[in-house]
Amino acid sequence: MGVPYSVDFLKSMKEGVYVVNRERQITLWNDSARILTGFSEAEVLGKQCSKYVRCHVDDSGENLCEESCPLKEAMVTGKQVETTAFLKHRDDHLIKMNITAVPYHNSQGFLEGVIEIFSPFEEEKFDARIEGFNERVRYTDLETGMVNRNFMDAHYMNLLNQNSVNFEMGLILVDVAFIEEFVKLEEREHAFELITRLGEIIQGVANGHADTTAGRWSEKSFILMLNNSHPEHMNHVKEELERRIRVEVFNGGMDSVEMTFQLMTTMISSDEPLEKVVDILHLRSAKLYQ
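When you number the sequence shown by my numbering, it's gap-free, plus one each residue, and the end is 291.
Okay, structure coming up:
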């Protein structure tokens, strides 16, 4: 199957970027990585970075991939690692690099692998770019490219602070069933395509309405927040969303993946924590599935 996260902003970065899975096999290699190392994407995909591409060496060219590997450290600790090391180019010359290794997790919180960003040594410029990258990773669902739960929580608190008087918001939960079963079976690729397509549909609907923000809440659920909304408007958005999902998913060549979904709605007029509100909608949805 394809790489299980959104890769557009990784591939477009000016810094070298590559991604490894838990076995440290390379699953993504951007064009800047090709330019900096001399190795093409076709040459490295699927190969273990420590055995094929010597991205971490000392000033004498000795391999650091076991004792001092930032990828390995990030994978073991689950924390971001920043360091400097030398990269051995395909033509055998050494280039001093700023390196940042960022562990990434799936929507259930399990470690999937590590993203490494590297660039010729320029401390201040590199630090500023990494700070911006970290912000995007923190607030982006790496499977769909949508904003994630962290962003939705922060956005909700910001709206609460802005609208402390006469605050009213509509909330729509898109609760998808049976995704876990696909992932365990041979339908994994279809399940990934389905989640990605659902995200595109939900984001498209949100983009068509003012003051509406959509994001992925969990592995099998999405939410839309409709600021300054009212019940009639919220129901209109819900009906549009349901129609789009049914037409574009079930009649769009993806009917081989068995799934179902529920759309749950509520109006928020207090400062209830967003997690509590979403949990209530999930409980209502679960009763309908029974």
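Idealized CB from N, CA, C, for every residue including glycine. Values in this document were obtained by computation on a predicted structure and should not be read as measured data.
Inclusion of residue 119 and residue 100 in the CB contact set at 7 Å is warranted, their separation being smaller than that value.
In the structure shown, residue 229 falls within a coil segment according to DSSP collapsed to helix, strand and coil.
When the five nearest sequence neighbours on each side are left out, the beta carbons in the same chain lying within less than 7 Å of the beta carbon of residue 228 are those of 160, 170 and 212, in order along the chain. Of the residues assessed, residue 18 falls on the buried side of the cut-off, its CB having 16 or more other CB atoms within 10 angstroms. Annotation: residue 172 to residue 245 spans about 18 Å, alpha carbon to alpha carbon.
Along the length of the stretch 48-121, whole beta strand (DSSP E) runs at least 3 residues long occupy 82-89, 95-106 and 112-121, reported in chain order. Annotation for residue 147: 141, 200, 203, 204, 215, 216, 217 and 223 place their beta carbon closer than 8 Å to its own, counting only its chain and skipping 5 residues before and after. Between residue 33 and residue 15, the CB-CB gap stays under 7 Å. Between residue 267 and the set 249, 103, 90 and 282, the nearest pair of CA atoms involves 282.
For residue 162, the enclosing alpha helix (DSSP H) begins and ends at 150-163. Note on geometry: alpha-carbon atoms of residue 239 and residue 145 lie some 21 Å from one another. With contacts defined as CB atoms closer than 7 Å, residue 158 and residue 115 fail to qualify as a contacting pair. Of the candidates 83, 90, 86 and 113, 113 places its Cα closest to the Cα of residue 26. The beta carbon of residue 85 sits closer than 8 Å to those of 97, 98, 99, 100 and 122, all from its chain and outside the five residues before and after it, given in chain order. Residue 36 and residue 73 have their C-alpha atoms roughly 24 Å apart. The alpha-carbon of residue 110 is positioned some 23 Å away from that of residue 262.
About 6 Å separates the beta carbons of residue 31 and residue 11, which is inside the 8 Å limit, making them a contact pair. No Cβ-Cβ contact shorter than 7 Å links residue 87 with residue 54. In chain order, 268 place their CB closer than 7 Å to the CB of residue 232, counting only its own chain and leaving out the 5 sequence neighbours on each side.
Proximity to residue 143 across 20, 243 and 277 peaks at 20, based on C-alpha coordinates. DSSP places residue 176 within a strand segment (E or B) once states are collapsed to three. For residue 38, the uninterrupted alpha helix (DSSP H) run begins and ends at 32-38, by DSSP.
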